[in-house]
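For the sequence shown, the residue numbers in the numbering used here are 48 to 374.
Have a look at the structure below before the remarks.
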Amino acid sequence: MTGRSDRTVPHTVHTHLGADALTILTRHWPALYAHDRQAPPFQSPGWLGGTARLLPATATPMVLAAMTAASRIIAALALARYRNRGRIRVEPLSTRPATHTHLIGPHAERDAVAEAFALHLLLLQETGADVMLPGLRADTAFGRAVQAICPDSLTTQASPPAALALPFSFEALAPSQQRAHARRCRHWTQLATTHTITYRRSHHQRALRAGLKVLTALHQAGQARPRGPGTAVPWHRVVPAIGAAGAFVADLHIDATPVAAQLCLTRGHACYSVEQVTHPGYRHVAPGHALLRHLLDDLTQEGFHTLHPGCGPAASAAPGPPIRLAA
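Dropping the structure here:
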């Protein structure tokens, strides 16, 4: 999308912290999100509100808001400010591994507005804060503004991987990937002759909560291995508030054992993967790949147009203890 130059809109970027930031997320964010059809579901009020509740005591929710003279918010950026041993770190208000930087609002794609936010963040950086913007898309007005104004000052990490268009054609893969795909398909076809393979995707709130339990159980199965930051997120404290209309868990079972689960958010005809977790004891049969194949077919049949695969790798580890689901 091409940014729109509009320097005639008077606005000032204000910083809101703590309770003030939460007020904006509660009162103003629903309208901003509804207006911005390009915003991913990681910018939904439910997701950001749940994420804010997970912040540690050393962190404070922070919202930068571009406001007109009439106090109307025309663009906003949800952030979190972390304080550790005298250092301040500013990054998107989100939850690893689903970290996205997105300027939201009716004027978010106007060049003048995007540049004002980039300058504001540059000022934060120059006053001693470490500003990190992972998942910032380069094809947005804000992404271009950051690249133009402060390419060497703000820390930007890799943008999200390209979306997969549905229906997905495995024939479009590289020859080596096609061979690996065919080999895995044969393994699962053979496996199905002696075991019951079950794929499920939640469609209502009760099934969503059950799927989150499977996701948690798979995480626990891999706890023997050192875990990276944010890999064991308490999704049950974030996702239920979004509801089954905006989130689902897809899982795959071999007989009675869950071997892979994937949490996704949806908006319109687009699906966004948050996290995929696989059973460490079944790594040799690539359960994540099998689950993804089922999910791609399922989403296509449901009328979805794209699947955004996300940035986090599947959490797998050395063989661990048997899984026990909580009642």
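Ideal placement from N, C-alpha and C gives every residue a C-beta, glycine not left out.
Predicted model only: the values in this text are computed from it and were never measured.
Quick check on DSSP: helix, strand or coil for residue i?
i: H326; result: coil
i: A317; result: strand
i: D186; result: coil
i: R128; result: strand
i: H355; result: strand
i: I121; result: strand
i: A292; result: coil
i: D377; result: Any answer about residue 377 is impossible in this case: the structure gives the chain only from 48 up to 374.
i: T203; result: coil
i: V160; result: helix
i: T263; result: helix
i: G133; result: coil
i: P103; result: coil
i: P287; result: helix
Indicate whether residue i and residue j have their beta-carbon atoms separated by less than 9 Å.
i: F351; j: A303; result: no
i: V285; j: R128; result: no
i: F189; j: H242; result: no
i: L354; j: L255; result: no
i: P153; j: D83; result: yes
i: P108; j: A155; result: no
i: L338; j: L299; result: yes
i: H75; j: I135; result: no
i: W282; j: L312; result: no
i: W235; j: V324; result: no
i: V137; j: A161; result: no
i: A123; j: H58; result: no
Could you tell me which residues DSSP puts in a beta bridge with residue i?
i: D298; result: R247 and A308
i: E138; result: A127
i: A212; result: T353
i: T148; result: L183
Work out the CA separation of residue j and residue i for me, nearest whole Å.
i: S141; j: H61; result: 20 Å
i: G378; j: C197; result: The requested residue 378 is not part of the displayed model; the chain covers only 48 to 374.
i: R247; j: L265; result: 15 Å
i: T202; j: A239; result: 47 Å
i: L95; j: T347; result: 28 Å
i: H63; j: Q90; result: 17 Å
i: Q172; j: L111; result: 14 Å
i: D345; j: R330; result: 23 Å
i: A268; j: P305; result: 11 Å
i: T70; j: P356; result: 32 Å
i: E349; j: A209; result: 21 Å
i: I289; j: H326; result: 26 Å
i: S29; j: Q225; result: Since the first residue of the chain shown is 48 and the last is 374, residue 29 is not available in this structure.
Could you spell out where the alpha helix (DSSP H) holding residue i opens and where it closes?
i: T236; result: P222 to L238
i: L338; result: P334 to Q348
i: A12; result: Given that the chain is displayed from residue 48 to residue 374, the structure contains no residue 12 and the question cannot be resolved.
i: R84; result: No alpha helix (DSSP H) contains R84, which DSSP labels as neither H nor E.
i: G269; result: Per DSSP, G269 belongs to no alpha helix (DSSP H) and is neither H nor E.
i: P92; result: P92 to R100
For the beta strand (DSSP E) that contains residue i, what are its first and last residues?
i: L29; result: Coverage of the chain is limited to positions 48 through 374, which leaves residue 29 absent and any answer about it impossible.
At least one CB of chain C closer than 9 Å to the CB of residue i: is that the case?
i: E349; result: Absent here is chain C; the protein component of the structure consists of one chain.
Flag residue i as yes when its Cβ comes closer than 8 Å to any non-hydrogen atom of the ligand FMN, and as no otherwise.
i: L126; result: Among the ligands in the structure shown, none appear at all, so the ligand FMN cannot be discussed.
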